[in-house]
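First up is the structure itself, then whatever we jot down about it.
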Ligand SMILES: [Zn+2]
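Numbering (our numbering), first residue to last: 3 to 91.
Structural data, given as structure tokens:
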């Protein structure tokens with residue numbers, strides 16, 4: 003099975019079986035984002051790589067956001083805990 007890749011996928015290729023987390027360099031705020039909701043906001047043809055440009059920290063407003071993107075086949079081992087978090091807006 004082929005999974006979507008961050009470099010090439012659009013929001014049409016992913017859903018919340020994927021993990022998309024955003025971390026703020028300044029205030030260390032961290033959130034898991036819902037790819038389903040992002041698709042609803044941005045459209046299914048929106049490239050995954052460009053989602054990062056649209057993000058800003060909801061706490062301090064900084065745009066220096068670090069992304070963690072994981073495919074469903076990566077939800078094992080020491081990153082499995084990430085998938086237990088419910089996605090936020
Ligand atoms: Zn912040």
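Cβ atoms here follow ideal geometry from the backbone N, Cα and C, with glycine treated the same way.
Provide the residue span of the beta strand (DSSP E) that contains residue 34, from first to last. 32-34
For residue 48, collect the residues of the same chain with a Cβ closer than 8 angstroms to its Cβ; drop the 5 residues on either side in sequence, then sort them by chain order. 12, 13, 40 and 41
Nearest to residue 67 (by Cα), restricted to the options 22, 46, 10 and 73: 22
Considering residue 51, what are the terminal residues of the beta strand (DSSP E) in which it resides? Taken as a continuous stretch (DSSP letters only), residue 51 belongs to no beta strand (DSSP E), being part of the alpha helix (DSSP H) at 50-56.
Is any heavy atom in ligand 1 found nearer than 7 angstroms to the beta carbon of residue 61? yes
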